[in-house]
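In my numbering, the protein residues as written are 392 to 597.
1) Starting from residue 448, follow the beta strand (DSSP E) in both directions and report where the run begins and ends.
2) Taking Cβ positions, are residue 418 and residue 482 nearer each other than 8 Å?
3) How many Å lie between residue 466 and residue 427 at the Cα?
4) How about residue 476 and residue 414: are their beta carbons less than 8 Å apart?
5) Ordered along the chain, which non-local residues of its own chain (more than five positions away) have a Cβ less than 8 Å from that of residue 591?
6) Specify the secondary structure class of residue 412 as computed by DSSP and reduced to three states.
7) Does the Cβ-Cβ distance between residue 565 and residue 553 come in under 8 Å?
8) Hey, out of 458, 441, 574 and 457, whose CA is closest to residue 450's CA?
9) Spatial neighbours of residue 510 within its chain, please: C-beta separation below 6 Å, excluding the five flanking residues on both sides.
10) Quick one, which of 500, 575 and 555 has its alpha-carbon nearest residue 471's?
11) Restricting to Cα atoms, I'd like to know which of 546, 502, 494 and 506 is closest to residue 519.
12) Between which two residues does the beta strand (DSSP E) harbouring residue 537 extend?
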């Protein structure tokens, strides 16, 4: 499924003076791309981003099979041609032979950002010991940040937003999106602001 850029729907459009950003969303799945079942990854990513981000968002969506060459081509297109500020992938990060999303991501990367993958695995380890099997990576290509996310909607939300104690509200594990706005600042992307009750963007005080 290849879709042209589409503006975000409410609630994310209540943006005030925040600049618009363009986000590429890529779901890699042989079966979903063939129509065997409904993709859940892209809707989960969109729902979380619309709730968390204050900027108006233009999404560029791609649903493709687990083919490394096609994933590489798609990532290059979203960065070099569609000029996305951020690209999020979902699915294909395990050790199975068809799980090639990290391999494709690394193949098109200019720089590796290892902290993103490390933190994603730390978050998932709070729930399942098999989190160590995940090969998720974060990289930059040019001025764009590319991040591999899990395939399950709940895991997507936990990875992006982090974990809090249900009783005290204290942070157990920071979500990776807290670091994304600062990273995009350093790459020269528009300034991204978030709703702190969902995910507080961290920027060092001057």
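Note that the Cβ used here is the ideal one computed from N, Cα and C, for glycine as well. Because the structure is a prediction, the values reported are computed rather than measured.
Quick answer:
1) Taken as a continuous stretch (DSSP letters only), the beta strand (DSSP E) holding residue 448 covers 448 to 455.
2) Less than 8 Å separates the beta-carbon of residue 418 from that of residue 482.
3) Going by the C-alpha atoms only, they are around 24 Å apart.
4) A contact, by the Cβ cut-off of 8 Å.
5) Listed in chain order, the non-local C-beta contacts of residue 591 below 8 Å within the same chain comprise 569 and 585, local neighbours out to five positions each way being set aside.
6) Three-state DSSP puts residue 412 in a strand.
7) For residue 565 and residue 553, yes; Cβs fall inside 8 Å.
8) It is 441.
9) These residues qualify, in order along the chain: 567.
10) Among 500, 575 and 555, the Cα nearest to that of residue 471 belongs to 500.
11) If we check each option's Cα against that of residue 519, 546 comes out closest.
12) Boundaries of the beta strand (DSSP E) harbouring residue 537: 535 to 540, taken from the DSSP string.
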